[in-house]
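Input: a single structure, listed below in structure tokens.
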Amino acid sequence: MSEIAGQTGLRGTATAVVHESYAFACMRCGHGWEQSYEIEHHTDADGQEFVLYVADGRVVPSPLSRPSCQNCDGHVVRIMRAGQVSSVRGATERHHAVPPAGPVEAPQVPAPEPGEPHHWHLSDLLHPFQRKAG
Numbered sequence: 584m585s586e587i588a589g590q591t592g593l594r595g596t597a598t599a600v601v602h603e604s605y606a607f608a609c610m611r612c613g614h615g616w617e618q619s620y621e622i623e624h625h626t627d628a629d630g631q632e633f634v635l636y637v638a639d640g641r642v643v644p645s646p647l648s649r650p651s652c653q654n655c656d657g658h659v660v661r662i663m664r665a666g667q668v669s670s671v672r673g674a675t676e677r678h679h680a681v682p683p684a685g686p687v688e689a690p691q692v693p694a695p696e697p698g699e700p701h702h703w704h705l706s707d708l709l710h711p712f713q714r715k716a717g
């Protein structure tokens, strides 16, 4: 079947309408989005079948022919089943929650007695990084 975009006068003559949703991911900038389409099946005066893709009430080119990124206009776009982008966004929000930052308390290290050389041990160096139990 061929596609004919921009012909709004044929919208009421569809023989069948199929609802499809796709997820897209740009391989150039990483932007992801989802879009739902009404795919209207039509027959022209010569008996040739064609489809119109309708998104948000507008006839648009087929998303499968040459998709472009909504963010950077790149044309290297991966097409996936619907729900892929939203599930990845949800997973990253759950797993990458960062606790709020607060003041860092540095422990007080007693100064060595004058005249006594200090021998450093690994535990002395790691002491500020150890967690307190509790």
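717 is the number that this note's numbering gives the last residue of the sequence shown; the numbers go up by one with no jumps. Don't be surprised by glycine CBs; every beta carbon is placed ideally from N, CA and C.
- The three-state secondary structure of T598, taken from DSSP, is coil.
- Look at the stretch 617 to 662 and you find these whole runs of beta strand (DSSP E), each 3 residues long or longer: 632 to 638, 641 to 643.
- The straight-line gap separating the alpha-carbon atoms of M663 and T596 is approximately 30 Å.
- Of the other Cβ atoms in all chains shown, 16 or more fall within 10 Å of the Cβ of E623; this residue is therefore buried.
- With a beta-carbon spacing of about 13 Å, A608 and G666 fall beyond the 8 Å limit used to define contacts.
- In this structure, DSSP gives A608 an extended state, which the three-state scheme calls strand.
- Residue nearest to C652 within the set G615, V600, A599 is G615 (criterion: CA-CA distance).
- The C-alpha of M610 is placed about 23 Å away from the C-alpha of A638.
- Annotation for G630: no residue places its beta carbon closer than 7 Å to its own, counting only its chain and skipping 5 residues before and after.
- The C-beta of L647 has fewer than 16 other C-beta atoms within 10 Å across all chains shown, which makes the residue exposed.
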